[in-house]
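For reference, each letter of the sequence shown is one residue, going 10 to 135 in our numbering.
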Amino acid sequence: MPHILVIDDSATMRLASRRPLEEAGFEVFEAADGGEGLAILRERPVDVVITDIFMPVKDGLETIREIRALYPGIRILAVSGKVTGALSYLEIAKKLGADQTLAKPVEGTTLIDTVQRLLEESRDSK
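1. Starting from the C-beta of residue 13, find all residues in its chain whose C-beta is less than 6 Å away, skip the five residues before and the five after it, and write them out in chain order.
2. Give the secondary structure of residue 32 by DSSP, where H, G and I count as helix, E and B as strand, and everything else as coil.
3. As a quick exercise: from 16, 112, 22 and 28, pick the residue whose alpha carbon is nearest that of residue 39.
4. CB-CB under 6 Å to residue 77, same chain, minus the five flanking residues each way: which ones, in chain order?
5. Kindly indicate which residue of 21, 131, 134 and 97 has the alpha-carbon position closest to the one of residue 62.
6. Tell me the DSSP bridge mates of residue 84?
7. With a threshold of 16 other CB atoms inside 10 Å of the CB of residue 25, please say whether the residue is buried or exposed.
8. Would you kindly work out how many angstroms separate the C-alpha atoms of residue 109 and residue 52, rounded to a whole number?
9. Closest to residue 103 by C-alpha separation, out of 41, 87, 47 and 114, would be which residue?
10. Return the chain-ordered list of same chain residues with a C-beta closer than 6 Å to the C-beta of residue 67, the five sequence neighbours on each side being excluded.
11. Following the continuous alpha helix (DSSP H) through residue 66, name the residue where it begins and the one where it ends.
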């Protein structure tokens, strides 16, 4: 069973991601910011990290850089709900190491399809 880590400061957004992912057969862990997410990664391996960009404590861009440096094999999906500048921040996230980006709100089927593609890419690169 693939393991997914969802990092988002909004409990509502974490739940909106968690439900469809669990229904699709993934085991999901949650973190409210990048620091919490990195602590989870130190304790358990995951296959895909889904991270918001704008969060307090440790934002998504900083989190992406750290994950990429510490855990280069993990696939990263960056998401953002900010309308102003969201595309440019998602482009920056891609340049910092995100494998894929999506603008919020993300439909459950889109999220599942994207995660499955990331997992397939990970298997193909091994």
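Even glycine gets a Cβ: it sits at the ideal position worked out from N, Cα and C.
In this structure, then:
1. Exclusion of the five residues before and after residue 13 leaves 30, 35, 37 and 57 as the residues of its chain whose Cβ lies within less than 6 Å of its Cβ.
2. Three-state result, residue 32: helix.
3. 16
4. Contacts found: 106.
5. The shortest Cα separation from residue 62 among 21, 131, 134 and 97 belongs to 97.
6. 57
7. By the 10 Å Cβ count, residue 25 comes out buried.
8. Taking C-alpha positions only, residue 109 is separated from residue 52 by approximately 24 Å.
9. 87
10. The answer, listed in chain order, is 42, 43 and 44.
11. In this chain, residue 66 is not harboured by any alpha helix (DSSP H), its DSSP state being neither H nor E.
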